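Trainee:
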Amino acid sequence: DGGITQSPKYLFRKEGQNVTLSCEQNLNHDAMYWYRQDPGQGLRLIYYSQIVNDFQKGDIAEGYSVSREKKESFPLTVTSAQKNPTAFYLCASRNGAENTIYFGEGSWLTVV
Amino acid sequence: KNQVEQSPQSLIILEGKNCTLQCNYTVSPFSNLRWYKQDTGRGPVSLTIMTFSENTKSNGRYTATLDADTKQSSLHITASQLSDSASYICVVSLYNNAGNMLTFGGGTRLMVKP
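For the record, the sequence lines run as chains A and B. Add 76 to the 1-based position in the first sequence for the numbering used here, that's all there is to it. Add 56 to the 1-based position in the second sequence for the numbering used here, that's all there is to it.
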């Protein structure tokens, strides 16, 4: 099946630790995105990548890092510099021809 | 500042009833507007997408309207079902030199009760 796969679904992090959320797509989409969702708020853009080996900061990039070494993969690292990382994280990719955004199933990150 | 405002924030209706969700935006230049359905703890799923020239689009029991002059959109749900309980998110696409960028509304949380 074609789609976007995020893992893990649930992740617990101790304070001071870095964690990496995986995002893989087999849709052959060039553009990929990471969003953060907090209760009752709209999705906020963390980082996006329009093409392999290139990415740009979104609105709330501080405390996060990404890489785009392969078209299919866009992992997000939540570093210890992110002071309030507990949230629901969504990865997405875009089909430029259809102008449609496809989302993964999300990852819950909780700091313990 | 580009903004997308949705109302109401939450809504409770009885199964079988209709409802209408609102979305007002200030995004410019406008490219397109999407409505997504998001079940709790899941990723959003696209319901409709409309460009500047379209003023209505249906997807089963979901009908979206767009008034580009007043910058308003609505999502009408007909004969609601329990499975319609979810958050509905309005997303407006801005086109600029960096490519399409998205502005998300805060969503309307709909609960359908039996």
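Ideal placement from N, C-alpha and C gives every residue a C-beta, glycine not left out. The structure displayed is predicted, hence computed values, not measured ones.
At a CB-CB cut-off below 8 Å, which residues of chain A make contact with G161/B?
Mentor: G118
Trainee: Run the CB neighbour count on T96/A, radius 10 Å, all protein chains shown included, and call it buried at 16 or more, exposed below.
Mentor: exposed
Trainee: For the segment 94–119 of chain B, list every residue whose C-beta sits within 8 Å of some C-beta in chain A, in sequence order.
Mentor: G97, R98, G99, P100, V101, S102 and I105
Trainee: Does the beta-carbon distance from Y151/B to S87/B come in below 8 Å?
Mentor: Yes, these two residues count as a Cβ contact at 8 Å.
Trainee: For the segment 81–94 of chain B, enumerate the residues whose C-beta is nearer than 9 Å to any C-beta of chain A, in chain order.
Mentor: S87, N88, R90, Y92 and Q94
Trainee: Nearest CA to the CA of S149/A: which residue from P84/A, V128/A, W184/A and Y111/A?
Mentor: V128/A
Trainee: According to the Cβ coordinates, are F164/A and G182/A closer than 8 Å?
Mentor: yes
Trainee: Find the residues of chain B that neighbour I136/A, judging by a C-beta separation of less than 8 Å, and give them in chain order.
Mentor: Per Cβ cutoff of 8 Å: no residues; I136/A is ~13 Å from chain B at best.
Trainee: Using C-beta distances below 8 Å, list every residue in its chain close to S130/B, excluding the 5 sequence neighbours before and after it, in chain order.
Mentor: T76, L77, Q78, C79, A120 and T121
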